[in-house]
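What follows is one structure encoded as structure tokens, with my remarks underneath.
2 protein chains.
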Amino acid sequence: MNKPVTIALDAMGGDVGCAVVVPAALHALTGYPDLQIILVGDEASITAELERHSAVPVERLKTRHASQTVMMDEAPSSALRNKKDSSMRVALNLVREGIADACVSAGNTGALMATSRFVLKMLPGIDRPAICTRLPTQRTHTWMLDLGANVECEAEHLFQFAIMGSVLAQSLDGTARPAIGVLNIGEEEMKGNEQVKAAAKLIAESHLNYGGFAEGDDIYKGQFDVIVCDGFVGNISLKTSEGVAKMIATFIREEFNRNLLTRLAALVAMPVLKAFRRRIDPRLYNGASLLGLGGIVIKSHGGADALAFANAIKVAVLEVREGVPDRIRAQLGSWQESRQTQ
Amino acid sequence: MNKPVTIALDAMGGDVGCAVVVPAALHALTGYPDLQIILVGDEASITAELERHSAVPVERLKTRHASQTVMMDEAPSSALRNKKDSSMRVALNLVREGIADACVSAGNTGALMATSRFVLKMLPGIDRPAICTRLPTQRTHTWMLDLGANVECEAEHLFQFAIMGSVLAQSLDGTARPAIGVLNIGEEEMKGNEQVKAAAKLIAESHLNYGGFAEGDDIYKGQFDVIVCDGFVGNISLKTSEGVAKMIATFIREEFNRNLLTRLAALVAMPVLKAFRRRIDPRLYNGASLLGLGGIVIKSHGGADALAFANAIKVAVLEVREGVPDRIRAQLGSWQESRQTQ
Numbered sequence: 039m040n041k042p043v044t045i046a047l048d049a050m051g052g053d054v055g056c057a058v059v060v061p062a063a064l065h066a067l068t069g070y071p072d073l074q075i076i077l078v079g080d081e082a083s084i085t086a087e088l089e090r091h092s093a094v095p096v097e098r099l100k101t102r103h104a105s106q107t108v109m110m111d112e113a114p115s116s117a118l119r120n121k122k123d124s125s126m127r128v129a130l131n132l133v134r135e136g137i138a139d140a141c142v143s144a145g146n147t148g149a150l151m152a153t154s155r156f157v158l159k160m161l162p163g164i165d166r167p168a169i170c171t172r173l174p175t176q177r178t179h180t181w182m183l184d185l186g187a188n189v190e191c192e193a194e195h196l197f198q199f200a201i202m203g204s205v206l207a208q209s210l211d212g213t214a215r216p217a218i219g220v221l222n223i224g225e226e227e228m229k230g231n232e233q234v235k236a237a238a239k240l241i242a243e244s245h246l247n248y249g250g251f252a253e254g255d256d257i258y259k260g261q262f263d264v265i266v267c268d269g270f271v272g273n274i275s276l277k278t279s280e281g282v283a284k285m286i287a288t289f290i291r292e293e294f295n296r297n298l299l300t301r302l303a304a305l306v307a308m309p310v311l312k313a314f315r316r317r318i319d320p321r322l323y324n325g326a327s328l329l330g331l332g333g334i335v336i337k338s339h340g341g342a343d344a345l346a347f348a349n350a351i352k353v354a355v356l357e358v359r360e361g362v363p364d365r366i367r368a369q370l371g372s373w374q375e376s377r378q379t380q
Numbered sequence: 039m040n041k042p043v044t045i046a047l048d049a050m051g052g053d054v055g056c057a058v059v060v061p062a063a064l065h066a067l068t069g070y071p072d073l074q075i076i077l078v079g080d081e082a083s084i085t086a087e088l089e090r091h092s093a094v095p096v097e098r099l100k101t102r103h104a105s106q107t108v109m110m111d112e113a114p115s116s117a118l119r120n121k122k123d124s125s126m127r128v129a130l131n132l133v134r135e136g137i138a139d140a141c142v143s144a145g146n147t148g149a150l151m152a153t154s155r156f157v158l159k160m161l162p163g164i165d166r167p168a169i170c171t172r173l174p175t176q177r178t179h180t181w182m183l184d185l186g187a188n189v190e191c192e193a194e195h196l197f198q199f200a201i202m203g204s205v206l207a208q209s210l211d212g213t214a215r216p217a218i219g220v221l222n223i224g225e226e227e228m229k230g231n232e233q234v235k236a237a238a239k240l241i242a243e244s245h246l247n248y249g250g251f252a253e254g255d256d257i258y259k260g261q262f263d264v265i266v267c268d269g270f271v272g273n274i275s276l277k278t279s280e281g282v283a284k285m286i287a288t289f290i291r292e293e294f295n296r297n298l299l300t301r302l303a304a305l306v307a308m309p310v311l312k313a314f315r316r317r318i319d320p321r322l323y324n325g326a327s328l329l330g331l332g333g334i335v336i337k338s339h340g341g342a343d344a345l346a347f348a349n350a351i352k353v354a355v356l357e358v359r360e361g362v363p364d365r366i367r368a369q370l371g372s373w374q375e376s377r378q379t380q
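First to last, the sequence lines map onto chains A and B.
Mapping to my numbering: the first sequence position 71 is 109, numbers consecutive.
Mapping to my numbering: the second sequence position 293 is 331, numbers consecutive.
Okay, structure coming up:
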């Protein structure tokens, strides 16, 4: 039996709030008998949504009122200054106070970053938080960071991302020595900008398992367990991937809808196409980790449905069980020690 | 009847050289009755390859001997210094001398950039060449640049890319006022790095049709005719796209190969899947323009087959007919004039 895990959910975050978060919470509770959930947000809305679902395991599902909601397009500074009783802020406070082990929110990314940083502080030795998520590959999956928290990064930041991504692959996949790739425009050493060249050198000289430069198409081949890049490049690469996948799905649909004959072919091919779609279902990859903070914060996609949001809760549970922030702190500490004794 | 067009082909460039370039040339000649081709490279190799194909229209297909070949992994500086009689260099010389109207090469990208710049010079007012290609979208296609020539770019460079991409969309698609997007990590004005914000401002204040910031997934939606970005981001976005498309193709193949039933479904679905594949066949998008030079240079993918290389020749023919460099020169000139009179 695992130690009980308590997760605070920002029930008002995301495009629809409660209507997704509440059923996702109920779903997660049935899957994890040792899970406790605190739904944070407008009490009336949460209660109404809970009433819409019948069997509620009261002892493992608590609520905590919060009078404000951070808007999806609100400036982070405004959220920080004016929304001290927002569902997001209160959920993060529960983590800081040790009442919850992690927070999951589908709210405004910038506000979640800024508020998390303010409430939970950075781990010593980490300058900036990074957004990290799992992406499918031809073999299994890879962890990519940063996906948009940091527009510009120094080599030292990319190195810190490498440590954090490595810990995530070790903790959640059990990979002993994750192979780390630095995203670049060529595999040759002379290519790329100064930051990626210097970051590659830092990683290669450390205890980490440096796997070389990764080109854009290497992300999905599967030879790297972790891929590091600055948040500008990472975000564009991630969104580009979503765009290509959507275009291909549209084209497949259009071709199978062209005429009677192709629609018949679609009927026959349907189970296969569904099996294919399940493999790249973005809902199964929902739940990005905000790494480098003094606590566990998982960002769900704003448009996530209950299944997707439940997956984000799962990521939070796994990170709590593995004690990800402590492992990052430990790896950073031993690396800094080894550097001082050199 | 169009004016005759003469294209110099680097017959030794790419992974296999003549074996692809010669059949591609023969294919292109049958498609364009007004096309003349000069095959540049090792005379013996070219003759041997020509002999392997029967009907050769001698008067429209000339050869020009070049004693050297630029290696695919050769440093650009070495190619420039030591390969003055390379097939690439001689083909570019033919453009400078006015004997050919354009050059097509599947050779080493860095060497082709450096040699083109040395031989043909930059257009006045353009600081750096950019690599531009057409990408499929959910509607038609979009022109994206830079795809790897410039690792770091100032706002002014991105603005020059916007002018060049706009001319390409006007010339080759006949779009009167191409909508230009600046690749960024969010659509809000406050997001992104300083360069993209400043570039967006320059484009919005010019005669160009500024369409706003484009996120990664917007590339494939089709609302932008041109998308500008620095070469680091552009190259990673392009290669990421290739990686996703390949992974999806692998997954579809695997699912249809899973068992007897799925293999039967594959037989039924085959014509539809083939029609789908034709729509995103990368060979139909082969042929990237090196823009900003005092002449037309088209880069074919190094691993292109004859069909793909023939497509690169087609791009060269279209750019010659439309006089792309002169149109860029004219647009730049009128913009500079309008700026001076303000």
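We put the beta carbon where it would ideally sit given N, CA and C, even for glycine.
Using a Cβ-Cβ distance under 7 Å, would residue i count as near chain A?
| i | result |
| --- | --- |
| lysine 239/B | no |
| threonine 153/B | no |
| isoleucine 274/B | yes |
| alanine 252/B | no |
| valine 306/B | yes |
Which residues of chain A have a Cβ atom closer than 9 Å to the Cβ of residue i, listed in chain order?
| i | result |
| --- | --- |
| arginine 119/B | Within chain A, no residue comes near arginine 119/B; the closest Cβ sits about 16 Å away, beyond 9 Å. |
Flag this pair as yes or no: are the beta carbons of residue i and residue j separated by less than 7 Å?
| i | j | result |
| --- | --- | --- |
| alanine 82/B | alanine 344/B | no |
| valine 310/A | phenylalanine 294/B | yes |
| serine 125/A | aspartate 72/A | no |
| glycine 52/A | alanine 113/A | no |
| valine 60/A | isoleucine 336/A | no |
| arginine 316/B | glycine 260/B | no |
| tryptophan 181/B | alanine 140/B | no |
| glycine 325/A | alanine 350/A | yes |
| phenylalanine 262/A | alanine 217/A | yes |
| leucine 185/B | glycine 272/B | yes |
| alanine 168/B | phenylalanine 197/B | no |
| glycine 212/B | isoleucine 265/B | no |
| alanine 187/A | glycine 136/A | no |
| threonine 101/B | isoleucine 75/B | no |
From residue i to residue j, what does the alpha carbon distance come to, in whole angstroms?
| i | j | result |
| --- | --- | --- |
| isoleucine 257/A | glycine 281/A | 16 Å |
| serine 338/A | alanine 354/A | 11 Å |
| leucine 246/B | alanine 149/B | 32 Å |
| threonine 278/A | proline 174/B | 13 Å |
| glutamine 106/B | tryptophan 373/A | 50 Å |
| arginine 90/A | proline 363/A | 37 Å |
| cysteine 170/A | alanine 214/A | 19 Å |
| glycine 332/B | leucine 130/B | 11 Å |
| leucine 356/A | glutamate 190/A | 30 Å |
| proline 162/A | alanine 238/B | 38 Å |
| serine 92/A | alanine 86/A | 11 Å |
| leucine 370/B | isoleucine 201/B | 7 Å |
| methionine 160/B | lysine 122/B | 20 Å |
| arginine 377/B | glycine 230/A | 34 Å |
Chain A partners of residue i, CB-CB under 8 Å?
| i | result |
| --- | --- |
| arginine 317/B | Phe289, Glu293 |
| phenylalanine 262/B | Neighbours of phenylalanine 262/B on chain A: none; closest Cβ ~12 Å, over 8 Å. |
Since residue i meets chain B, which of its residues come closer than 7 Å, beta carbon to beta carbon?
| i | result |
| --- | --- |
| threonine 68/A | Going along chain B, no residue has its Cβ under 7 Å from threonine 68/A, so there is no contact; the nearest lies around 30 Å. |
| alanine 313/A | Glu293 |
| threonine 300/A | Val310 |
Which residues in chain B sit within 8 Å of residue i, going by Cβ to Cβ distance?
| i | result |
| --- | --- |
| isoleucine 257/A | Thr278, Gly281 |
Taking only beta-carbon positions, decide if residue i is within less than 7 Å of chain B.
| i | result |
| --- | --- |
| isoleucine 286/A | yes |
| isoleucine 223/A | yes |
| alanine 86/A | no |
| alanine 104/A | no |
| alanine 346/A | no |
| alanine 303/A | yes |
Which residues of chain B have a Cβ atom closer than 9 Å to the Cβ of residue i, listed in chain order?
| i | result |
| --- | --- |
| asparagine 231/A | Val189, Glu190, Phe270 |
Measuring only between beta-carbons, confirm whether residue i sits less than 7 Å from chain D.
| i | result |
| --- | --- |
| valine 108/B | Looking for chain D here will not work: the only protein chains present are A and B. |
Between the stretch 173 to 192 of chain B and chain A, which residues of the former have a C-beta closer than 8 Å to a C-beta of the latter?
Residues of the stretch 173 to 192 of chain B with a Cβ closer than 8 Å to any Cβ of chain A, in chain order: Pro174, Thr175, Gln176, Gly186, Val189, Glu190.
Check each residue of the stretch 160 to 171 of chain A: if its Cβ is closer than 7 Å to any Cβ of chain B, include it; give the result in chain order.
Of all residues in the stretch 160 to 171 of chain A, none has a C-beta nearer than 7 Å to a C-beta of chain B.
The stretch 41 to 65 of chain B: positions lying closer than 9 Å to chain A by Cβ:
Result list empty, no residue passes.
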